[in-house]
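Peer 1: Everything in the sequence shown is counted per the numbering used here, starting at 422 for the first residue and increasing by one.
From the three backbone atoms N, C-alpha and C, an ideal C-beta is built for every residue, glycine too.
Treat the numbers as computed from the prediction; the structure is a model and nothing was measured.
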Amino acid sequence: MENTKLLLLDDREENLLSLKAILSRDDIEIFATTSPNEALRIVWENDIAVALVDVQMPGMDGFEFAETLVSNPKTREILIVFVTAISKETTYAVRGLKTGAIDYLYKPLDPYITNAKVDSLIKLARSQKEIRDKNRLLENYATIVLNSPDIIATVEPESGNILSINPSVETILGLHPASLLGVTMLDLLVDPLKSELRDVLIKRSYTGGETIVVEDQFVGRLRQPVWLELRIMYKNRLLFVNLHDVEKRKAHERALIDAQTAAEKARKVKESFLANMSHEIRTPLNGIIGLANLLAATPLDSSQKDYIEMLRQSSGSLLNILNDILDISKIDEGKFSIIPSSVDLRVVGKGIIDLMKFKAEEKRLNFNLIISENVPECVMVDGMRLNQILLNLIGNALKFTQTGGVVLKIDHISAAEAGHSIRFCVEDTGIGMSAEQLANIFSEYGQASENTSFQYGGTGLGLTISQKLVRLMGSELEVNSRKNAGSEFFFTLVLPDANQKAEPSKPPVSFQELPPFTGKTVLVAEDNPINALLLKKYLKAWEMETRVVGNGKEAVDALKEQTFNLIIMDTRMPEMDGFQAAHIARTQLRVQTPILSLSATVLPEEIAQALASGMNDTLSKPFEPEKLHRKIDSLLAGGTMH
């Protein structure tokens, strides 16, 4: 505890020495002087608790000194004791008490009496200081409560009645504080029976000593609900409640929830649109590609073979556009993966040249591949996606080039521990682009202009999907171009060496040359007559006995009548779809026959739904006969090929 400070004022030095000797103790700090003016300076600069003052002094006597102290707010709390040799007449005692003194000490001083009185005065001074400090603290608290923007209330725990509440309740709820005294806080709630505050009061969960935080809706101005956060603390058998307006935060949370709901609804609409679009395009496209395959298996002259090749290319272009749209959606939703494998870049480059040279020859353009000698034989990269990027870039270059040519360059830039830096570049001598056109070249549907799209065709999706794929591979697709001076699209990938060589691609095989499944029976459920015809032709070529039905209900009826070695089921059919039919076959008919789902969508959700309904594997339309053959072979052997 801090020492108590005492002032000793006497015009005689020997008296001060005597007092100091009597009051020599560890818990007090003594300031002594013979000058009243010096004494005034001391009390002004120090927190003096008790002053022992001589009455008779030249210049300013003790009474005048005491009056000076009492008249100043800074020093009026000092406990004054007169020390005098004057007789104990009542006149002097009354005058001393009127000036503000609380006691007298008479000379000659008795050490015991003097110490006893000083001890009592020190205790009194300390008590008074504590009271003053607490009062100041209470005044500060009162100021804080009265001016707080939050509602602050004291509440009786048993009844929930409000004992005191600050003016902020009028600002927030529009209620006058005086009108709420004695009112239970539950009456202010929108729904008292379902409130968190009611649970706190009933369960007496506040008795644990910690601050409890709950949120409730209160009735506000014009009977409008207002969300308040309540911080409840139990002390001295009272509840102290701080109510903070969280209506803005709640409104923000509601807006976020609404936005999430709208986003989820938009996502489902988008998924539904993509699924329907995929189905509506892939179903007839499967028929076009399949019929082209059937025609290619018949005797044809050279012109007819060219027509079929053009038909296949047109179908492939349409399928690429559809796949680009679906790929963009997958990437945007984070559902797209890059899967590296061993790839020979020379094979990739040559394959692209072979595939696209027909278009170049049509326009009489030079079309070349340049690969630097130090490009490694095999590297780890997602070959399918790299092929997709380069095909998009070359397709664009050929589209917008009327004279000159297009070059695909693959250059080895450097080698490091992480792998080889390989630069891929597609150069053309086409129409080029201005700086303004370049600004939007990678945005979705961002062809240079509507006139360009009309004149040269295309959706503008190719560059968008290419940029997204390049970024997924850890690089950036860049472009240099000048109006009427050609363009250069390029990107650099860091590709590690492959541990094994890439498997050489097999030449396409006619469906008639694939090995048969002699004597195996197949139930085909397909509502599209062209696709049903294609399946019959393929399966007949593979020496399989086929029964075709037009919907899921007919498939279920057929399974009740006959057993099959394999079921091929379209997912979207009238009356009963493939999912329902497969589920009934598995759960009600206890059919164990392998089921291959044919779907005109490639969305993961629909593939997952097919497997969940009891199907063993899926095949997306349009499909090549060779892929269908592999799926059938695996399922008949007891395996799956998701």
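1) Within the continuous beta strand (DSSP E) that includes THR942, where are the two ends?
2) Within this structure, are the beta carbons of ALA546 and THR425 separated by less than 8 Å?
3) For the ligand PLP, any of its heavy atoms closer than 7 Å to the Cβ of GLU982?
4) What residue range does the beta strand (DSSP E) around ILE989 cover?
5) Tell me whether MET854 sits in a helix, a strand or coil according to DSSP, three-state version.
6) Report the option in LEU542, LEU601, ASN952 and LEU649 whose CA atom is closest to the CA atom of PHE639.
7) Could you tell me the boundaries of the alpha helix (DSSP H) in which ARG785 lies?
8) Please specify which runs of the beta strand (DSSP E), each continuous and at least 3 residues long, are wholly inside the region 610-661, giving them in chain order.
9) Shortest alpha-carbon distance to THR520 belongs to which of LYS544, LEU542 and VAL476?
10) Would you report the Cα separation of GLN876 and LYS820, rounded to the nearest angstrom?
11) Locate the beta strand (DSSP E) running through ILE583, then write down its first and last residues.
12) ALA906 and SER763 - do their beta-carbons sit closer together than 8 Å?
13) Under 8 Å, do ILE1028 and THR1039 count as touching if we go by C-beta distance?
14) Across the region 626-636 and the region 536-543, are there enough close Cβ pairs to call them in contact, namely three or more that are closer than 8 Å?
15) How is the alpha helix (DSSP H) around GLY483 delimited, first residue to last?
16) With a cut-off of 8 Å, does the C-beta of GLN823 fall near any C-beta of chain B?
17) Out of curiosity, what's the CA-to-CA distance linking ASN697 and LEU776?
18) Could you tell me the distance, in whole angstroms, from the CA atom of ILE583 to the CA atom of LEU609?
19) Give me the Cα-Cα distance between ALA1021 and ALA1002, rounded to the nearest whole angstrom.
20) Going by beta carbon distance, what residues of the same chain come within less than 6 Å of VAL491, once the five residues before and after it are set aside?
21) State the Cα-Cα distance for the pair VAL576 and SER600, rounded to the nearest angstrom.
22) Would you check if the region 956-969 and the region 991-1006 touch, i.e. whether three or more CB-CB distances between them fall below 8 Å?
23) Run through the DSSP bridge pairs and tell me what TYR527 is partnered with.
24) Among residues of its own chain, excluding the 5 on either side of PRO937, which ones have a beta-carbon nearer than 6 Å to its beta-carbon?
25) Please determine if the region 710-726 and the region 670-690 are in contact, where contact requires at least 3 C-beta pairs separated by less than 8 Å.
26) Can you list, in chain order, the residues of its chain with a C-beta nearer than 7 Å to that of ASP524? Leave out the 5 residues immediately preceding and following it.
27) What is the residue span of the beta strand (DSSP E) that HIS841 lies within?
28) For MET894, which of helix, strand or coil comes out of DSSP?
29) To the nearest angstrom, how far is the alpha carbon of PRO1008 from that of LEU980?
30) Can we say the region 929-949 touches the region 900-917, given the rule of at least three CB pairs closer than 8 Å?
31) Do LEU607 and GLY581 come within 8 Å of each other at the CB atom, strictly closer than that value?
32) What residue range is occupied by the uninterrupted alpha helix (DSSP H) comprising ALA1006?
33) Is TYR877 helix, strand or coil when you go by DSSP?
34) SER762 lies in the beta strand (DSSP E); which residues open and close that run?
35) Thinking just about the alpha-carbon of each residue, which of ILE759, LEU715 and ASN817 is nearest to the one in MET805?
36) Roughly how many whole angstroms lie between the Cα atoms of ALA1072 and GLY1059?
Peer 2: On the basis of the data shown:
1) As a working note, residue 942 is residue 521 in the sequence shown. For THR942, the enclosing beta strand (DSSP E) has its first and last residue at 942-946.
2) Looking up residue 546 in the sequence shown gives position 125. Looking up residue 425 in the sequence shown gives position 4. Contact check for ALA546 against THR425 passes: the beta carbons are separated by less than 8 Å.
3) Absence of the ligand PLP is noted for the structure shown, with no ligands found whatsoever.
4) What you label residue 989 is simply residue 568 of the sequence shown in a count that begins at 1. Here the beta strand (DSSP E) through ILE989 covers 987-991.
5) Here residue 854 refers to the residue found at position 433 of the sequence shown. It is coil, neither helix nor strand.
6) Within the sequence shown, numbered from 1, the residue matching residue 639 stands at position 218. Among LEU542, LEU601, ASN952 and LEU649, the Cα nearest to that of PHE639 is on LEU649.
7) Position 364 of the sequence shown holds residue 785. It is not in any alpha helix (DSSP H) - ARG785 carries neither H nor E in the DSSP assignment.
8) Listed in chain order, the complete beta strand (DSSP E) runs (minimum 3 residues) inside the region 610-661 are 633-640 and 646-656.
9) Stepping through the sequence shown from its first residue, residue 520 is reached at position 99. Distance check between THR520 and each of LYS544, LEU542 and VAL476 places VAL476 closest, using alpha-carbon atoms only.
10) Numbered from 1 along the sequence shown, position 455 holds the residue referred to as residue 876. Numbered from 1 along the sequence shown, position 399 holds the residue referred to as residue 820. Confidence at GLN876 is low in this model, with a pLDDT of 42, below 50, so the placement of that residue is unreliable and no value is reported for it.
11) Position 162 of the sequence shown, counting from 1, holds the residue named residue 583. Its beta strand (DSSP E) spans residues 583-586.
12) Along the sequence shown, read from residue 1 onward, the residue named residue 763 stands at position 342. Along the sequence shown, read from residue 1 onward, the residue named residue 906 stands at position 485. Contact flag unset, no.
13) Numbered from 1 along the sequence shown, position 607 holds the residue referred to as residue 1028. Numbered from 1 along the sequence shown, position 618 holds the residue referred to as residue 1039. Their beta carbons are under 8 Å apart, which means ILE1028 touches THR1039 by this criterion.
14) No: the two stretches stay apart, fewer than three of their Cβ pairs being nearer than 8 Å.
15) Sequence index remark: in the sequence shown, residue 483 carries index 62 (1-based). DSSP places GLY483 in the uninterrupted alpha helix (DSSP H) bounded by 483-492.
16) Among the protein chains of the structure shown there is no chain B, as only one such chain exists.
17) Against the sequence shown, residue 697 aligns to sequence position 276. Against the sequence shown, residue 776 aligns to sequence position 355. Looking at the two C-alpha atoms, the distance is approximately 30 Å.
18) Locating residue 583 in the sequence shown gives position 162, counting from the first residue. Locating residue 609 in the sequence shown gives position 188, counting from the first residue. So the two alpha carbons sit approximately 11 Å from each other.
19) By 1-based counting over the sequence shown, the position of residue 1021 is 600. By 1-based counting over the sequence shown, the position of residue 1002 is 581. Straight-line measurement puts the Cα of ALA1002 at about 17 Å from the Cα of ALA1021.
20) The residue labelled residue 491 in the question sits at position 70 within the sequence shown. Correct list, in chain order: ARG497 and GLY521.
21) The residue you call residue 576 lines up with position 155 of the sequence shown. The residue you call residue 600 lines up with position 179 of the sequence shown. If I take the Cα positions, the gap works out to 15 Å.
22) With a cut-off of 8 Å, the region 956-969 and the region 991-1006 do not count as touching, because too few Cβ pairs lie within range.
23) As a first step, residue 527 is located in the sequence shown; it is residue number 106 there, counting from the start. Checking the DSSP bridge columns, you'll see TYR527 partnered with THR505.
24) On the sequence shown, residue 937 is found 516 positions in, with the first residue counted as 1. The answer, listed in chain order, is TRP963 and GLU964.
25) Judged by Cβ distances under 8 Å, the region 710-726 makes no contact with the region 670-690, as fewer than three pairs qualify.
26) For the purposes of this step, residue 524 is taken as residue 103 along the sequence shown, with counting starting at 1. Apart from sequence neighbours up to five positions away, the residues of its chain that approach ASP524 with a beta-carbon distance below 7 Å are VAL502 and LYS538, ordered along the chain.
27) Numbered from 1 along the sequence shown, position 420 holds the residue referred to as residue 841. Note, HIS841: beta strand (DSSP E), 840-849.
28) As a position in the sequence shown, residue 894 is number 473, starting the count at 1. Correct three-state label for MET894: coil.
29) The residue you call residue 1008 lines up with position 587 of the sequence shown. The residue you call residue 980 lines up with position 559 of the sequence shown. Reading off the sequence, residue 1008 comes out as Thr, not Pro. Each residue's CA atom was taken as its position, placing THR1008 and LEU980 some 13 Å apart.
30) Result no; under three Cβ-Cβ pairs closer than 8 Å.
31) Here residue 581 is taken as the residue at index 160 of the sequence shown, counted from 1. Here residue 607 is taken as the residue at index 186 of the sequence shown, counted from 1. Pairing GLY581 with LEU607 gives a Cβ-Cβ distance under 8 Å.
32) Indexing the sequence shown from 1 puts residue 1006 at position 585. Per DSSP, the continuous alpha helix (DSSP H) segment holding ALA1006 begins and ends at 999-1008.
33) The count along the sequence shown starts at 1 and reaches residue 877 at position 456. For TYR877, the predicted structure reports a pLDDT of 41, less than 50, and the residue's modelled location is therefore unreliable. The matter cannot be settled from this model.
34) Along the sequence shown, one-based indexing puts residue 762 at 341. Counting along the chain, SER762 sits inside the beta strand (DSSP E) bounded by residues 762-764.
35) In the sequence shown, counting from the first residue as 1, residue 805 sits at position 384. Just measuring C-alpha positions, the residue of ILE759, LEU715 and ASN817 sitting nearest MET805 is ILE759.
36) With the chain running from 422 to 1063 in the structure shown, residue 1072 is simply not present.
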